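Novice: Those letters in the sequence shown? Residues -21 to -1, 1 to 98, by mature numbering (1 follows the signal peptide of the UniProt record, and there is no 0).
I'd like to ask you about the structure that follows.
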Amino acid sequence: MKKTKLRGPLLLAFGSIVALAGCANQTATPPLYQWTGYQPEVYDYFKAVKSPQDQIDAMEKSLQLIAAKGNHPPPGFYAHLGMLYALVGHDDKAMQEFAAEKAAFPESSAYMDFLAKNK
């Protein structure tokens, strides 16, 4: 009879300890990619808020900040920058950015090849 009376409080105590132990590990996983400036620039591109050259300048600055922090740009960053370069007539830089996108994200190879052919 004594065993059944103690079982409830013991289970409650054990459950509380397990729950609190799970909450104790609060180390944040760093993000896989640094999104600095990318999303606003894509928005500005579609809304035609800034000229392509202004967008290129902003994205190049963002890329420098990302590299300075030791992080990686998100998928599509190099491709978007390459498309902007193609818009202003810098085809050589566009190809460099498409190649960088392919190197960073091999799954984008087919699309980058398509963009390179149809720039």
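Backbone N, C-alpha and C define an ideal beta-carbon position, used for all residues, glycine too.
Remember, predicted model here, so these are calculated numbers, not experimental data.
Under DSSP, the alpha helix (DSSP H) around residue 46 begins and ends at which residues?
Specialist: 31 to 47
Novice: Quick check on DSSP: helix, strand or coil for residue 11?
Specialist: Residue state, collapsed to three classes: coil.
Novice: Taking 8 Å as the threshold (C-beta atoms), are residue 95 and residue 77 in contact?
Specialist: yes
Novice: By the 10 Å Cβ neighbour count, where 16 or more other Cβ atoms means buried, how is residue 18 classified, buried or exposed?
Specialist: With fewer than 16 Cβ atoms within 10 Å of its Cβ, residue 18 is classed as exposed.
Novice: Taking all protein chains shown into account, do 16 or more other C-beta atoms lie within 10 angstroms of the C-beta of residue 63, making it buried, or fewer, making it exposed?
Specialist: buried
Novice: Excluding the 5 residues flanking residue 66 on each side, which residues of the same chain have their C-beta closer than 7 Å to its C-beta?
Specialist: Around residue 66, the same chain offers 31 as residues with beta carbons nearer than 7 Å, after the five sequence neighbours per side are excluded.
Novice: Would you tell me roughly how many angstroms separate the C-alpha atoms of residue 187 and residue 41, rounded to the nearest one?
Specialist: Residue 187 is absent from the structure shown; the chain starts at -21 and stops at 98.
Novice: Taking residue 98 as the reference, which of 73, 81, 27, 39 has the closest Cα?
Specialist: 73
Novice: Alpha carbon to alpha carbon, how far is residue 14 from residue 47? Give it in angstroms, no decimals.
Specialist: Distance between the alpha carbons of residue 47 and residue 14: 14 Å.
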